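Data first, discussion second: the structure below is written as structure tokens.
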Amino acid sequence: MQKGDFVVIKYKQKIRLGKYFGQPEIVAAMVEVAGDNNFIFRHERDGQYYDLNGKSLTNFTFKTPVRYSRISSRFQKRRFHPVLKRYRAHLGVDYAAPRGRKIYAAADGRITFRGRKGGYGNTIIIQHKNGLKTLYAHQYKFKGGLRRGSKVRKGQHIGYVGSTGLSSGPHLHLGLY
Numbered sequence: 001m002q003k004g005d006f007v008v009i010k011y012k013q014k015i016r017l018g019k020y021f022g023q024p025e026i027v028a029a030m031v032e033v034a035g036d037n038n039f040i041f042r043h044e045r046d047g048q049y050y051d052l053n054g055k056s057l058t059n060f061t062f063k064t065p066v067r068y069s070r071i072s073s074r075f076q077k078r079r080f081h082p083v084l085k086r087y088r089a090h091l092g093v094d095y096a097a098p099r100g101r102k103i104y105a106a107a108d109g110r111i112t113f114r115g116r117k118g119g120y121g122n123t124i125i126i127q128h129k130n131g132l133k134t135l136y137a138h139q140y141k142f143k144g145g146l147r148r149g150s151k152v153r154k155g156q157h158i159g160y161v162g163s164t165g166l167s168s169g170p171h172l173h174l175g176l177y
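If you count by the UniProt record's numbering, then the sequence shown holds residues 1 to 177, one letter each, in order.
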């Protein structure tokens, strides 16, 4: 993503006794990259995903990329950064999990980046067939054998939860672009 690009995700999350539980359910998403908008909607009756023209995206559903204890930070235009001590956009969802827990690819695709990426620390970016990308940041380490250009399948082990880059504790930062 470049300056001016953005992502908006609408989701439902179950709450019990004031605490979030279960996996969040994406209801709709909009990704704007270089002025192009991509929309994804979940149909209430059949639970499938569709684009703005009603074309089925049944082959593009996400797997939650990590077994997590809670969502520690949500997508926000303005969030107080715990390390930088100032307000800035938070362009993803943070899944709190113990250091070393396995991270999985959310969908089929090809790795376009694997390495250190500024404040994201150890990061993998996966390009998916529908033009979207997922970003997996703050990893402790990457799964061996994966490199730029590697094909990955939904649910394939790609790395381990960590706290690299600008991070205040172990979690997976998942971005959707």
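Just so it is clear, CB atoms sit at the ideal spot from N, CA and C, and this is done for glycine as well.
Quantities reported herein were computed from a predicted structural model and do not represent experimental measurements.
For residue j and residue i, the rounded distance between their alpha carbons
| i | j | result |
| --- | --- | --- |
| H171 | D46 | 32 angstroms |
| K143 | K102 | 9 angstroms |
| K10 | F39 | 11 angstroms |
| E44 | I124 | 32 angstroms |
| S56 | A107 | 16 angstroms |
| I26 | K12 | 7 angstroms |
| L126 | S150 | Inspection of the sequence shows that residue 126 is occupied by Ile rather than by Leu. Using only the alpha carbons, I get a separation of about 9 angstroms. |
Residue i Cβ short of 7 angstroms to the ligand MG heavy atom set
| i | result |
| --- | --- |
| Y120 | Questions concerning the ligand MG fall outside what the structure shown contains, since it holds no ligand whatsoever. |
Contact belief for residue i with residue j at Cβ below 8 angstroms, rounded distance in angstroms
| i | j | result |
| --- | --- | --- |
| L135 | G165 | Not quite, the Cβ-Cβ distance comes to about 12 angstroms (not below 8 angstroms), so this is no contact. |
| Y177 | V7 | 6 angstroms |
| A105 | V152 | 4 angstroms |
Exposure of residue i, with buried meaning 16 or more beta-carbon neighbours within 10 Å
| i | result |
| --- | --- |
| F62 | buried |
| I15 | exposed |
| A137 | buried |
| N53 | exposed |
| G18 | exposed |
Cβ-based neighbour list, residue i, same chain, cut-off 7 angstroms, excluding 5 preceding and 5 following
| i | result |
| --- | --- |
| R114 | I124, F142, L146, R147 and R148 |
| G100 | Y140, Y160 and V161 |
| S69 | A96 and A97 |
| Y50 | F41, H43, S56 and L57 |
Own chain, CB closer than 8 angstroms to residue i, minus 5 neighbours either side, in chain order
| i | result |
| --- | --- |
| H128 | F60, A107, D108, G109 and T134 |
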